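Asker:
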Amino acid sequence: MSCEVWTLAEVREGRVHPLSRELLAWGRELADAMSAPLASVVIGSGVKEEAKDLAFYGADKIYIIDSPEFEHFKADIISEALSELTERYEPSVLIASATTRGRTLMPMTSARLGCGLTADCTELAIDHATKRLIQTRPAIGGNVMADIKTKGRDPQMCTVRPKSKRPLARNDNRTAETVEYTCRKNPLKSLTDFIRFDREQSVGLPLQEAEIIVAGGKGMKNAKNFAKLGELAELIGGTVGASRMAVDLGWAPYSAQVGLSGKSVTPKLYMAFGISGAVQHIAGMSGAEKIIAINHDPEAPISRTADLFVQADAMETLSALIAAIKSRSK
66 MSCEVWTLAE
76 VREGRVHPLS
86 RELLAWGREL
96 ADAMSAPLAS
106 VVIGSGVKEE
116 AKDLAFYGAD
126 KIYIIDSPEF
136 EHFKADIISE
146 ALSELTERYE
156 PSVLIASATT
166 RGRTLMPMTS
176 ARLGCGLTAD
186 CTELAIDHAT
196 KRLIQTRPAI
206 GGNVMADIKT
216 KGRDPQMCTV
226 RPKSKRPLAR
236 NDNRTAETVE
246 YTCRKNPLKS
256 LTDFIRFDRE
266 QSVGLPLQEA
276 EIIVAGGKGM
286 KNAKNFAKLG
296 ELAELIGGTV
306 GASRMAVDLG
316 WAPYSAQVGL
326 SGKSVTPKLY
336 MAFGISGAVQ
346 HIAGMSGAEK
356 IIAINHDPEA
366 PISRTADLFV
376 QADAMETLSA
386 LIAAIKSRSK
């Protein structure tokens, strides 16, 4: 059995996504604590040359499965390929990002391999006595932080929140061993057909990659008011988020939902307009560096989480803020 630490590179539209570098920063700390090699796994089509750049960000070894059948994201065959590679080389730890792709692939792979999986971790460490992975994540609605150790066979699998660690500085002098792997069943046959990819029409970066999030809840009162959050987000380079209530009311798509039943986010700035702060919502955004909340209710639960709480009408404050920013830019 290998004691390697693996990170699963994120491949989107034929490119190795920058999130892959963040994962190497997570993996580097664990690999050094275990005195083990750090490897990145890249599965895609036409990614062979770009994958080699991961050496500059900390990878000691790069496993590449490059085939036309992986041109589009088909979770079943990617999981099958990852499972086969894992069974062949037997790593000790396997980490992926808690993006939509990571949250899809890792449970499928965990089930195939019969391994434990801890989702949405905020911290990872190695128990020096046992050399086992300690995985920390929010539990009980975010009220406590649970330390988890995986029982059973390796690899110990987990996903980590995007944007929760900075990539290591690029070092062009680093080199890595490259292993190009061909699956035994070649080509793999997916149970799904790719029809087309429709890019979501939204302001700013995807929610989990955004450094500024402008979020709204039921306190925005109607869809027209909620839409003005997009105007503020565009002015300050942010992305629009939403509470579950705003999504349920049809004011925002599910992809914008923040919370336990939506996405966990860790931006530098989280602005909450008209969000009372149910424990499920707080669990999804409490990792933000700075939280500004605007709510008319001084007893709103979010007031206890916010770095700055403004007791005011959310819509009036939003309109005033937009006007002030526009006047400064003239």
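Per this note's numbering, residue 66 is the first one in the sequence shown, and the count goes up by one each step. Each residue gets a CB set at the ideal place from its N, CA and C atoms; glycine is no exception. Please read these numbers as outputs of a predicted model, since none were measured by experiment.
(1) Run the CB neighbour count on Glu69, radius 10 Å, all protein chains shown included, and call it buried at 16 or more, exposed below.
(2) Does DSSP put Leu270 in a helix, a strand or coil?
(3) Quick check: the Cα distance between Glu149 and Arg239, rounded to an integer number of angstroms?
(4) Checking 8 angstroms against the spacing of the C-beta atoms, do Val312 and Leu297 come in under that value?
(5) To the nearest angstrom, report how far apart Trp91 and Pro203 are at their CA atoms.
(6) Considering only residues of the same chain and omitting the five flanking positions on each side of Glu396, which have a CB-CB separation below 7 angstroms?
(7) Here's the rule I'm using: 16 or more other beta-carbon atoms within 10 Å means buried, otherwise exposed. How should Met350 be labelled?
(8) For the beta strand (DSSP E) that Ile127 lies in, which residues bound it at each end?
(9) Which residue comes first and which comes last in the beta strand (DSSP E) that contains Phe374?
(10) Exposed or buried, Asn287, counting other C-beta atoms within 10 Å across all chains shown (16 or more means buried)?
(11) Below 7 angstroms CB to CB, which residues in the same chain sit around Thr169 once its five sequence neighbours on both sides are set aside?
(12) Which of the three DSSP states, helix, strand or coil, is assigned to Arg218?
(13) So, with DSSP's three-state summary, where would you put Ile143?
(14) Ignoring anything shorter than 4 residues or poking outside the region 77 to 108, list the alpha helix (DSSP H) runs there in chain order.
(15) In whole angstroms, what separates the C-alpha of Ile347 from that of Val323?
(16) Thr174: buried (16+ other C-beta within 10 angstroms of its C-beta) or exposed?
(17) Could you check what DSSP says for Gly306 in three-state terms: helix, strand or coil?
(18) So what's Val312 in DSSP terms, helix, strand or just coil?
(19) By the DSSP assignment, the alpha helix (DSSP H) with Ile390 in it spans what residues?
(20) Exposed or buried, Glu242, counting other C-beta atoms within 10 Å across all chains shown (16 or more means buried)?
(21) Contact criterion: CB-CB distance below 8 angstroms. Does Lys391 meet it with respect to chain B?
(22) Give a yes or no on whether the C-beta atoms belonging to Glu299 and Thr164 are separated by under 8 angstroms.
(23) Could you tell me if Pro83 is buried or exposed, where buried requires 16 or more neighbouring beta carbons within 10 angstroms of its beta carbon?
(24) Excluding the 5 residues preceding and the 5 following Leu270 in the sequence, name in chain order all residues of the same chain whose CB lies nearer than 7 angstroms to its CB.
(25) From Asp378 to Cys223, what does the alpha carbon distance come to, in whole angstroms?
(26) Given this structure, state the Cα-to-Cα distance separating Glu145 from Thr72, to the nearest angstrom.
(27) When the Cβ atoms of the region 314 to 323 are set against those of the region 151 to 162, are three or more pairs found closer than 8 angstroms?
(28) I need the boundaries of the beta strand (DSSP E) containing Phe338, first residue and last residue.
Answerer: According to the data block:
(1) Position 4 of the sequence shown, counting from 1, holds the residue named residue 69. The residue is buried, with at least 16 neighbouring Cβ atoms inside 10 Å.
(2) Walking along the sequence shown from the start, residue 270 turns up at place 205. Leu270: coil per DSSP, three-state reduction.
(3) On the sequence shown, position 84 is the one that residue 149 refers to. On the sequence shown, position 174 is the one that residue 239 refers to. Their backbone Cα atoms lie some 28 angstroms apart in a straight line.
(4) Residue 312 sits at position 247 when you count from the first residue of the sequence shown. Residue 297 sits at position 232 when you count from the first residue of the sequence shown. No, the Cβ-Cβ distance between Val312 and Leu297 is not below 8 angstroms.
(5) By 1-based counting over the sequence shown, the position of residue 91 is 26. By 1-based counting over the sequence shown, the position of residue 203 is 138. About 18 angstroms.
(6) An answer regarding residue 396 cannot be provided, because it is not within the stretch 66 to 395 covered by the chain.
(7) For the purposes of this step, residue 350 is taken as the residue at position 285 of the sequence shown. Label assigned to Met350: buried.
(8) What you label residue 127 is simply residue 62 of the sequence shown in a count that begins at 1. Note, Ile127: beta strand (DSSP E), 126 to 131.
(9) Within the sequence shown, the letter at position 309 stands for residue 374. Looking at the DSSP string, the run of the beta strand (DSSP E) that includes Phe374 is 373 to 376.
(10) On the sequence shown, position 222 is the one that residue 287 refers to. Asn287 is exposed by the Cβ-count criterion.
(11) Counted from its first residue, the sequence shown places residue 169 at position 104. Excluding residues within five positions, the ones whose Cβ falls inside 7 angstroms are Ala140.
(12) Position 153 of the sequence shown, counted from the first residue, corresponds to residue 218. Here Arg218 sits in coil by DSSP.
(13) What you label residue 143 is simply residue 78 of the sequence shown in a count that begins at 1. Helix.
(14) 84 to 99
(15) Locating residue 347 in the sequence shown gives position 282, where the first residue counts as 1. Locating residue 323 in the sequence shown gives position 258, where the first residue counts as 1. C-alpha separation (whole angstroms): 9 angstroms.
(16) Locating residue 174 in the sequence shown gives position 109, counting from the first residue. By the neighbour-count rule (16 or more Cβ atoms within 10 Å), Thr174 is buried.
(17) Within the sequence shown, residue 306 is the residue found at index 241, counting from 1. Strand, per DSSP.
(18) Along the sequence shown, read from residue 1 onward, the residue named residue 312 stands at position 247. Here Val312 sits in helix by DSSP.
(19) Along the sequence shown, read from residue 1 onward, the residue named residue 390 stands at position 325. First-last of the alpha helix (DSSP H) with Ile390: 379 to 394.
(20) Looking up residue 242 in the sequence shown gives position 177. Classification for Glu242: exposed.
(21) No chain B is part of this structure, which consists of one protein chain only.
(22) Residue mapping note: residue 299 aligns to position 234 of the sequence shown, counting from 1. Residue mapping note: residue 164 aligns to position 99 of the sequence shown, counting from 1. No, Cβ-Cβ distance for Glu299 and Thr164 is not below 8 angstroms.
(23) Taking the first residue of the sequence shown as position 1, residue 83 is located at position 18. Exposed, since its Cβ has fewer than 16 Cβ neighbours within 10 Å.
(24) Here the question's residue 270 lines up with position 205 in the sequence shown. Only Thr304 meet the Cβ criterion.
(25) In the sequence shown, residue 378 corresponds to position 313, counting from 1. In the sequence shown, residue 223 corresponds to position 158, counting from 1. Taking the straight line joining both Cα atoms gives about 41 angstroms.
(26) Taking the sequence shown and counting its residues from 1, the one referred to as residue 145 is at position 80. Taking the sequence shown and counting its residues from 1, the one referred to as residue 72 is at position 7. Those two C-alpha atoms are separated by around 17 angstroms.
(27) no
(28) In the sequence shown, residue 338 corresponds to position 273, counting from 1. That run of the beta strand (DSSP E) goes 334 to 338.
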